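When the letters of the sequence shown are read in order and numbered with this note's numbering, they come out as residues 27 to 199. Every residue, glycine too, gets a C-beta built ideally from N, C-alpha and C. Treat the numbers as computed from the prediction; the structure is a model and nothing was measured.
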Amino acid sequence: MTLSHLDSVFISQRTPLLRTLVKIVKNTSIAEELVQETYLRVARSLREKPVDHLEPFLFQTGRNLALDHLRRERMQSRTMLDDVPEDVMQAVPAPGSSSEDSLHAERLLQRLGSALQQLSERQQRIFILSRLHGQGYAQIAAELGVSPSTVQKELKLIMALCMTLLDRLTPPT
C-alpha cells in the first residue's frame, strides 16, 4: 500500500468522510480539520505497517479522532466546581475586585491545594479523574480496582473536606 494509493482513496472518500464526521461533531469546520488529521494519521500508519483495507481504516481513524475531540470538549466543559453550592460561588471575587479580595482568594486556593495534597494517593487520583478528567464513578472504579460506591464515598469525603476548609477560611458577611 503506497501513499499514492492512499491519495486516490482519500480523494474518492473525502466527501463521505466529511459528512460522517460532521454528523458526529456537529460542526463543519471542526470536521474539516479532523478530515485533514485523519489523512495525516493514516499516512503515518502506512509508513509503519501495511493496511489491508484502507477505506474502512480511513473511516475508523476519522471516527476515532471525532470521538476523541468530543471527549476533550466534554472534559473542558466540566469544572471542579460542579458540587460547590451557589452561595459559595457568589462569594468568589469578581475580576474587578479589590486587592484584598484577590489576596483572600489566592490564600483560599493555596490552602485548598495544601489540603488536597494531604489526601491519600488514591483519593487524589479519584479527585483528578473525576474533576479534571471528567470520568464517572464506574470508569474511575474500573481504573483503580475499587467499587463505584467506594469512589462515590471518597468523592463525598473530599468535597466535604473542601467545603469545610472554605467555610473556615471565608470571612462572615
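Does the beta-carbon of residue i have 16 or more other beta-carbons within 10 angstroms, so that it is buried, or is it exposed?
i, result
"residue 190", "exposed"
"residue 129", "exposed"
"residue 144", "exposed"
"residue 132", "exposed"
"residue 64", "buried"
"residue 167", "buried"
"residue 175", "exposed"
"residue 37", "exposed"
"residue 186", "exposed"
"residue 88", "buried"
"residue 164", "exposed"
Just verifying my parser: in three-state terms, what is the DSSP assignment at residue i?
i, result
"residue 82", "helix"
"residue 159", "coil"
"residue 145", "coil"
"residue 51", "helix"
"residue 139", "helix"
"residue 179", "helix"
Any beta carbon from chain B within less than 8 Å of residue i's own beta carbon?
i, result
"residue 193", "Although the question refers to chain B, the structure presented lacks it and comprises just one protein chain."
Could you round the C-beta distance between residue i and residue j to whole angstroms and report it? I think they count as a contact, below 8 Å.
i, j, result
"residue 60", "residue 68", "Contact flag wrong, Cβ pair sits at about 12 Å."
"residue 32", "residue 80", "7 Å"
"residue 162", "residue 101", "Actually they are not in contact, since the Cβ atoms of residue 162 and residue 101 sit about 12 Å apart, beyond 8 Å."
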